[in-house]
Amino acid sequence: MLDKINKYIGEVAQFNATKINEIENFRVKFIGSKGIIKNLFGEFKDVPNNEKKLVGKALNELKNAAAEKVKTSIEALESAQGEKGIYGDLTRPGAPVEIGARHPISIVKNKIAAIFSRIGFTVSEGPEIEDDWHNFTALNLPEYHPARDMQDTFFVEKNPDLLLRTHTSSVQVRYMNEHKPPIRIISPGRVFRNEDISARAHCIFHQVEGLYIDTDVSFADLKQTLLYFTKELFGKSKIRLRPSFFPFTEPSAEVDIYWGLETETDYRITKGTGWLEIMGCGMVDPNVLKNANIDSEKYTGFAFGMGIERIAMLLYQIPDIRMFYENDVKFLEQFKAES
Ligand code: DAH
Numbered sequence: 053m054l055d056k057i058n059k060y061i062g063e064v065a066q067f068n069a070t071k072i073n074e075i076e077n078f079r080v081k082f083i084g085s086k087g088i089i090k091n092l093f094g095e096f097k098d099v100p101n102n103e104k105k106l107v108g109k110a111l112n113e114l115k116n117a118a119a120e121k122v123k124t125s126i127e128a129l130e131s132a133q134g135e136k137g138i139y140g141d142l143t144r145p146g147a148p149v150e151i152g153a154r155h156p157i158s159i160v161k162n163k164i165a166a167i168f169s170r171i172g173f174t175v176s177e178g179p180e181i182e183d184d185w186h187n188f189t190a191l192n193l194p195e196y197h198p199a200r201d202m203q204d205t206f207f208v209e210k211n212p213d214l215l216l217r218t219h220t221s222s223v224q225v226r227y228m229n230e231h232k233p234p235i236r237i238i239s240p241g242r243v244f245r246n247e248d249i250s251a252r253a254h255c256i257f258h259q260v261e262g263l264y265i266d267t268d269v270s271f272a273d274l275k276q277t278l279l280y281f282t283k284e285l286f287g288k289s290k291i292r293l294r295p296s297f298f299p300f301t302e303p304s305a306e307v308d309i310y311w312g313l314e315t316e317t318d319y320r321i322t323k324g325t326g327w328l329e330i331m332g333c334g335m336v337d338p339n340v341l342k343n344a345n346i347d348s349e350k351y352t353g354f355a356f357g358m359g360i361e362r363i364a365m366l367l368y369q370i371p372d373i374r375m376f377y378e379n380d381v382k383f384l385e386q387f388k389a390e391s
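Take any residue in the sequence shown, note its place counting from 1, add 52, and you have its number in the numbering used here.
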């Protein structure tokens with residue numbers, strides 16, 4: 053037994069590790085709960101009494117040597133790896149997790165939806181490929197109505213009754229066909245117009261349509277709703293309604309917000325007036341209600357529609373509408389904080 057122990061003492065003295073797992077294997081082999089030393093202590097009871105003193109001494113020597121070897125090996129490894137130690141430098145900054153950003157159109161759409169949801173509006177969406185009835189006729193825009201020219205349309209070649217919707221007002225019609233008043237919805241979505249692309253116009257853009265129908269809905273309700281909305285979104289509470297024309301509302305108005313004239317940019321974007329147009333609106337034309345089988349004697353309502361790109365350009369001072377569609381990461385990642 054003494055020979056065996058001395059052989060192990062030799063092995064321990066020889067041991068030299070360059071990796072942490074080698075040290076761990078060594079530790080398990082010698083000091084582990086099923087390791088060599090534990091076994092030797094088990095055999096110790098069978099050692100003849102006269103040898104016990106010598107063998108015991110050697111065994112303790114082996115035990116201490118193995119423990120010491122583990123300790124010094126770890127220390128050597130740590131110092132070999134310099135400041136980093138075997139676990140690396142624990143004070144180093146963590147590796148950042150790359151997070152993406154929502155697209156500014158989605159950010160603004162979500163803001164608008166959140167503002168209206170607080171006053172009871174839910175979101176309703178409709179198809180991008182529409183038929184003539186939902187996009188035009190039911191909205192008081194019969195065939196050959198001159199106002200159709202306001203929205204240059206992409207038609208589906210094989211079926212001229214189908215088109216890419218020119219506005220999200222079409223969702224109003226779909227919703228009114230399926231739901232009885234009271235109705236309180238907003239309809240965000242993509243719309244299409246056959247227009248030349250420039251810094252201010254695109255053939256694909258996004259709108260949010262709003263519709264509120266109930267008994268006794270008045271123009272004052274419309275104005276109050278718009279006031280609430282502009283205050284929440286822009287933090288500005290001065291608006292004005294300019295008389296305008298839309299076939300689906302009567303009376304109709306365009307909403308201007310007072311942007312101010314404090315900076316040069318204010319001057320530029322408001323053309324020196326301080327006012328900016330942000331949306332169209334009006335009281336739902338009784339013909340539109342009738343087309344959806346809603347009793348226009350009993351119910352009234354208001355509607356409004358706005359372009360999301362336009363609002364996003366104002367909120368974030370984006371000078372060119374084309375930037376929304378170029379997917380330039382340098383542009384998009386600026387919206388991380390808003391996502
Ligand atoms: N649909 C109109 C457009 O695309 C926007 C609009 C104006 C919607 C007035 C409305 C409204 O609901 O009342 O230009």
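Ideal Cβ positions, reconstructed from N, Cα and C, are used throughout, including at glycine.
Heavy atom of the ligand DAH within 7 Å of residue i beta-carbon
i	result
GLY287	no
CYS333	yes
GLY353	no
PHE298	yes
GLY357	yes
THR189	no
GLU177	no
SER169	no
GLU261	yes
HIS186	no
SER270	no
SER239	no
SER391	no
THR277	no
SER221	yes
SER304	yes
THR143	no
THR301	yes
Per-residue burial, residue i [other beta carbons within 10 Å of its own, 16 or more giving buried]
i	result
SER391	exposed
ARG362	buried
ILE171	exposed
GLY340	Per the sequence presented here, residue 340 reads as Val, with Gly not at that position. The residue is buried, with at least 16 neighbouring Cβ atoms inside 10 Å.
ASP380	exposed
THR317	exposed
GLU314	exposed
GLN224	buried
ASP55	exposed
ALA253	exposed
LYS105	exposed
ILE249	exposed
GLY94	exposed
ILE151	exposed
LYS115	buried
PRO240	buried
ASN192	buried
SER270	exposed
Under 8 Å between C-beta atoms of residue i and residue j
i	j	result
ALA147	ALA344	no
PHE354	ASP268	no
GLY262	PHE298	no
LYS290	TYR264	no
ASN75	ILE126	At residue 75 the sequence reads Ile, which differs from the Asn that was named. In contact: ILE75 and ILE126 (Cβ atoms closer than 8 Å).
GLN259	ILE360	yes
SER296	GLY332	yes
PHE244	PHE206	yes
Run of the alpha helix (DSSP H) containing residue i, from where it starts to where it stops
i	result
THR277	271 to 286
HIS186	184 to 187
PRO156	156 to 169
ALA65	54 to 66
LEU366	360 to 368
SER222	221 to 230
LEU313	Segment: none, LEU313 is in no alpha helix (DSSP H) and carries neither H nor E.
Delimiting residues of the beta strand (DSSP E) encompassing residue i
i	result
VAL336	327 to 336
ILE256	256 to 266
GLU302	301 to 310
VAL381	Taken as a continuous stretch (DSSP letters only), VAL381 belongs to no beta strand (DSSP E), being part of the alpha helix (DSSP H) at 381 to 384.
SER239	235 to 244
PHE207	From DSSP, PHE207 is part of no beta strand (DSSP E); its letter is neither H nor E.
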